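Student: Please read through the structure below; I'll follow up with questions.
Protein chains in written order, with our numbering: chain Y, 1 to 377; chain P, 1001 to 1294.
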């Protein structure tokens, strides 16, 4: 009992204290109410009668929700302004980054603290090819994705040699070294100044061109890529290979006894994650037109971990929710303080200790229809 | 050529000193990892907290506490803080998914670092060295304080080693590293060992933070500067092995110091990464790891 009250009490008291320390009282109360709403929503959902749960459940599946999201995405440029389009594009890209981390963390149980650095590697690779060598956009993007995937795979291949919790250490070392290289290899990366690119026009088989500087064009590009990535990953993780991943996560030793080459699967998993991370990195470059070393910082990599965990590991949708929610918190806090990450860090600790499944994971857990006694389904 | 040799000797002395301090930080880290199975991402922040605690002790207690008093105070205060953190955040996560303490410590690192930034600002604090004399060294004046640090760090390491190998609690620590369940069955009070190890680890990090404070300045980012090197030392040295940690810390310290002759800024860390990768491929258990990391 003392253990539980300490575990709950200390971080919550710290969060309340820090919020009132950093924010004016009214904003602090507002923020704490918003945060307190999350467990209340989960509690209400858990109390709904079974019939209501059963009746509503299919509408949250891909068959109903998918087309709705698709329609909203397609029509968004007609009713949203430029600022909103840019904002939503960024949300989607950050969600893609978090989702690619979820592939590793949520499905095989490998924590990576280098994802921002890896996305940065891909962004730098394409920026260097575009500006220094004058490559046309598509080859540059292709090169960047190959490069980012290769480096992630390389990181994975070294890191799987040790047990899972050390994996985090080694990725952190990799990430910080990538940061150092980007900072100090000035002749190639421009060092701390970062690299600016002219936003290119991407032609699709000569049918139509996407001007990445145009907000609506860029929205369609991002939406298409992210939606397609989600569908691909969803299919992939439900395939036999994806099931092996989950088997490794649940019991690595048993998976090895069954004859699966666990390390090969882990390396393959990092490669998949690296591919989508690189895509997100290139998208970020196309959105901002600039890549700087601060985007590869360890703190930024940590933020991606926070997004995935807050949203819910192993759910694929969760990271999008987490990225959006933390982004919203960041904006809210940013109006009053420069130290938003302090409050977010505390919120993150509380989430892990009290609801390790994250927002979406917790909802799925209480929402799952309890099997009727006697039925085998 | 002569100049190069001179530089080489000076850098290797500096490397020895950095390595000894690094060994203190990494020793606590490796004990926590070995005993509690927690990758303590916040360890560097305890080192930073120690430096600030020492600075505060000197600032508000000047005249009453000397520098060495500040080192002790910082060690005790941060050890108590670590004790409280272990009790409140980590105690209930033992035995569950090892992911949870890992992520908690990562969040803790963020929170501690950002708190220090909010309280103390970005500008580094200066701490005067207690010994201002210097010894002639070739045509340079080498600060005596750096040599004293080496002695102090080596002494603390020796005391730690004696504690772990010669006392009852030390034997319990070793037993817990080797086999937690069996140790618990034999009557080792495992939760108490956890608390002790976490507090001692944080205290060691804090003391090394104060020791180096007069050389570098005290600022919020000093924890994240040392933590990567400490990680590498722990993997290279082998889990839970103090002699291995010592050797690896000296190796990494020397490597980065000598690398600094040819490279600039933080580039020598790239060399450490190469060493780490070589170890991962050929000797994943580290120099003296007793239990496999695999």
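Beta carbons: idealized from backbone N, C-alpha and C, even for Gly.
Bear in mind the structure is a predicted one, so any value in this text is a computation, not a measurement.
Compute the Euclidean distance between the alpha carbons of residue 53/Y and residue 1119/P, then round it to the nearest angstrom.
Tutor: What you label residue 53/Y is simply residue 53 of the first chain in a count that begins at 1. What you label residue 1119/P is simply residue 119 of the second chain in a count that begins at 1. Taking the straight line joining both Cα atoms gives about 48 angstroms.
Student: Our contact map puts residue 237/Y next to residue 88/Y with C-beta atoms below 8 angstroms; I'd like the distance itself, whole angstroms only.
Tutor: On the first chain, residue 237/Y is found 237 positions in, with the first residue counted as 1. On the first chain, residue 88/Y is found 88 positions in, with the first residue counted as 1. That pair is no contact at about 25 angstroms.
Student: Can residue 1202/P and residue 1082/P be called in contact, C-beta distance under 8 angstroms?
Tutor: As a position in the second chain, residue 1202/P is number 202, starting the count at 1. As a position in the second chain, residue 1082/P is number 82, starting the count at 1. Yes.
Student: From residue 1293/P to residue 1279/P, what distance separates their C-alpha atoms?
Tutor: Locating residue 1293/P in the second chain gives position 293, where the first residue counts as 1. Locating residue 1279/P in the second chain gives position 279, where the first residue counts as 1. The predicted model places residue 1293/P with a pLDDT of 40, which falls under 50 and marks its position as unreliable; any figure quoted below should be read in that light. Taking the straight line from one Cα to the other gives about 12 angstroms.
Student: Report all residues from its chain with a CB closer than 7 angstroms to the CB of residue 1112/P; omit the five preceding and five following residues, and keep chain order.
Tutor: Numbered from 1 along the second chain, position 112 holds the residue referred to as residue 1112/P. Excluding sequence neighbours, residue 1112/P sits near 1042, 1045, 1049.
Student: What is the rounded straight-line gap between the Cα of residue 179/Y and the Cα of residue 58/Y?
Tutor: Along the first chain, one-based indexing puts residue 179/Y at 179. Along the first chain, one-based indexing puts residue 58/Y at 58. Their backbone Cα atoms lie some 45 angstroms apart in a straight line.
Student: My guess is that residue 1124/P and residue 1218/P are in contact by the Cβ rule of under 8 angstroms, so how many angstroms apart are they, rounded?
Tutor: Along the second chain, read from residue 1 onward, the residue named residue 1124/P stands at position 124. Along the second chain, read from residue 1 onward, the residue named residue 1218/P stands at position 218. About 6 angstroms; that satisfies the 8 angstroms criterion.
Student: To the nearest whole angstrom, what separates the beta carbons of residue 1257/P and residue 1018/P, a pair I think is in contact under 8 angstroms?
Tutor: Indexing the second chain from 1 puts residue 1257/P at position 257. Indexing the second chain from 1 puts residue 1018/P at position 18. Between residue 1018/P and residue 1257/P the Cβ distance is about 6 angstroms, and since that is below 8 angstroms, they are a contact.
Student: Would you say residue 7/Y faces chain P, with C-beta separation under 8 angstroms as the test?
Tutor: As a working mapping, residue 7/Y is identified with position 7 in the first chain. It does: the Cβ of residue 7/Y has a partner Cβ on chain P nearer than 8 angstroms.
Student: Applying a beta-carbon distance threshold of less than 8 angstroms, which residues of chain Y neighbour residue 1098/P?
Tutor: Here residue 1098/P refers to the residue found at position 98 when the second chain is read from its first residue. Residues of chain Y passing the Cβ test: 164, 165.
Student: When the cut-off is 8 angstroms and only beta carbons count, does residue 4/Y lie next to chain P?
Tutor: Along the first chain, one-based indexing puts residue 4/Y at 4. Closer than 8 angstroms to some Cβ of chain P, the Cβ of residue 4/Y qualifies, so yes.
Student: For residue 291/Y, list the residues DSSP reports as bridge partners.
Tutor: The residue you call residue 291/Y lines up with position 291 of the first chain. Answer by DSSP bridge pairing, in chain order: 195/Y.
Student: Can you tell me the Cα-Cα spacing of residue 1066/P and residue 1059/P, whole angstroms?
Tutor: Translated into positions along the second chain, residue 1066/P becomes position 66. Translated into positions along the second chain, residue 1059/P becomes position 59. Those two C-alpha atoms are separated by around 10 angstroms.
Student: Taking the alpha-carbon positions, what's the residue 1167/P to residue 1055/P distance?
Tutor: Sequence index remark: in the second chain, residue 1167/P carries index 167 (1-based). Sequence index remark: in the second chain, residue 1055/P carries index 55 (1-based). Rounded to whole angstroms, residue 1167/P to residue 1055/P spans 33 angstroms at the Cα level.
Student: When the Cα of residue 1228/P is compared with those of 283/Y, 176/Y, 190/Y, which residue comes out closest?
Tutor: The sequence position of residue 1228/P within the second chain is 228, counting from 1. Considering only alpha carbons, the answer is 176/Y.
Student: Three-state secondary structure (DSSP) at residue 303/Y?
Tutor: By 1-based counting over the first chain, the position of residue 303/Y is 303. It is helical.
Student: Within 8 angstroms (strictly less), CB to CB, does residue 375/Y reach chain P?
Tutor: On the first chain, position 375 is the one that residue 375/Y refers to. Reliability fails at residue 375/Y, whose pLDDT of 43 lies under 50, so the model's placement of it is uncertain and no value is given.
Student: Just curious, the alpha helix (DSSP H) that residue 6/Y is in, first and last residue?
Tutor: For the purposes of this step, residue 6/Y is taken as the residue at position 6 of the first chain. Residues 2 to 22.
Student: Can you name, in chain order, every residue of its own chain whose Cβ lies under 6 angstroms from the Cβ of residue 1105/P, other than the five neighbours on each side?
Tutor: Position 105 of the second chain, counted from the first residue, corresponds to residue 1105/P. For residue 1105/P, where only same-chain residues beyond five positions count, the Cβ hits under 6 angstroms are 1040, 1041, 1042.
Student: Please look up how many angstroms separate the CB atoms of residue 270/Y and residue 152/Y, rounded, as I've assumed it's under 8 angstroms.
Tutor: In the first chain, the residue the question calls residue 270/Y occupies position 270. In the first chain, the residue the question calls residue 152/Y occupies position 152. Confirmed, Cβ separation roughly 5 angstroms.
Student: Check distances from the C-beta atoms of the stretch 166 to 196 of chain Y to those of chain P and list, in chain order, the residues that come in under 8 angstroms.
Tutor: Of all residues in the stretch 166 to 196 of chain Y, 166, 168, 169, 170, 172, 173, 174, 176, 177, 180, 181, 183, 184 have a Cβ within less than 8 angstroms of some Cβ in chain P.
Student: Would you kindly check if the distance between the Cβ of residue 358/Y and the Cβ of residue 311/Y is under 8 angstroms?
Tutor: What you label residue 311/Y is simply residue 311 of the first chain in a count that begins at 1. What you label residue 358/Y is simply residue 358 of the first chain in a count that begins at 1. The answer is yes: Cβ separation under 8 angstroms.
Student: Is the stretch 282 to 301 of chain Y in contact with the stretch 78 to 97 of chain Y, if contact means three or more CB pairs nearer than 8 angstroms?
Tutor: The stretch 282 to 301 of chain Y, when compared against the stretch 78 to 97 of chain Y, does touch it at the 8 angstroms Cβ threshold.
Student: Within this structure, are the beta carbons of residue 1234/P and residue 1079/P separated by less than 8 angstroms?
Tutor: The residue you call residue 1234/P lines up with position 234 of the second chain. The residue you call residue 1079/P lines up with position 79 of the second chain. No, the pair does not count as a contact, with Cβ atoms beyond the cut-off.
Student: Residues in the same chain with beta-carbon distance under 8 angstroms from residue 1033/P, minus the five sequence neighbours each way, listed in chain order, please.
Tutor: As a position in the second chain, residue 1033/P is number 33, starting the count at 1. Taken in chain order, the residues that qualify are 1039, 1040, 1234, 1239, 1240.
Student: Comparing alpha-carbon positions, which option in 295/Y, 266/Y, 364/Y, 345/Y lies nearest residue 163/Y?
Tutor: Here the question's residue 163/Y lines up with position 163 in the first chain. When each option's Cα is compared against that of residue 163/Y, the closest is 266/Y.
Student: Is it right to say residue 64/Y is buried, meaning 16 or more other beta carbons lie within 10 angstroms of its own, or is it exposed?
Tutor: The residue you call residue 64/Y lines up with position 64 of the first chain. By the 10 Å Cβ count, residue 64/Y comes out exposed.
Student: DSSP state of residue 1101/P, grouped into three classes?
Tutor: Reading the second chain from its first residue, position 101 is the one you call residue 1101/P. Correct three-state label for residue 1101/P: helix.
Student: Over the uninterrupted beta strand (DSSP E) stretch that includes residue 181/Y, give me the two end residues.
Tutor: For the purposes of this step, residue 181/Y is taken as the residue at position 181 of the first chain. Careful: residue 181/Y lies outside any beta strand (DSSP E), inside the alpha helix (DSSP H) at 164 to 184.
Student: For the stretch 339 to 357 of chain Y and the stretch 7 to 24 of chain Y, state whether three or more C-beta atom pairs, one from each stretch, are separated by less than 8 angstroms.
Tutor: As far as the Cβ criterion goes, the stretch 339 to 357 of chain Y touches the stretch 7 to 24 of chain Y, which means the pair count is three or higher.
Student: Run through chain Y and tell me which residues come within less than 8 angstroms of residue 1114/P, C-beta to C-beta.
Tutor: Here residue 1114/P corresponds to residue number 114 of the second chain, with the count starting at 1. Simply 339, 341, 342, 345.
Student: Shortest alpha-carbon distance to residue 1141/P belongs to which of 1047/P, 1010/P, 1221/P, 1213/P?
Tutor: Residue 1141/P sits at position 141 when you count from the first residue of the second chain. Nearest of 1047/P, 1010/P, 1221/P, 1213/P to residue 1141/P, Cα basis: 1010/P.
Student: Buried or exposed: where does residue 1047/P fall if 16 or more other Cβ atoms within 10 Å of its Cβ makes it buried?
Tutor: The sequence position of residue 1047/P within the second chain is 47, counting from 1. That one is buried.
Student: Short of 8 angstroms Cβ to Cβ, which residues in the stretch 135 to 158 of chain Y face chain P?
Tutor: So the list reads 158, given in the order they occur along the chain.
Student: Should residue 1195/P go down as buried or exposed, given a rule of 16 or more other Cβ atoms within 10 Å for buried?
Tutor: On the second chain, position 195 is the one that residue 1195/P refers to. That one is buried.
Student: Closer than 8 angstroms by beta-carbon distance: list the chain P residues that pair up with residue 353/Y, in chain order.
Tutor: By 1-based counting over the first chain, the position of residue 353/Y is 353. Result: 1089, 1092, 1093, 1100, 1104.
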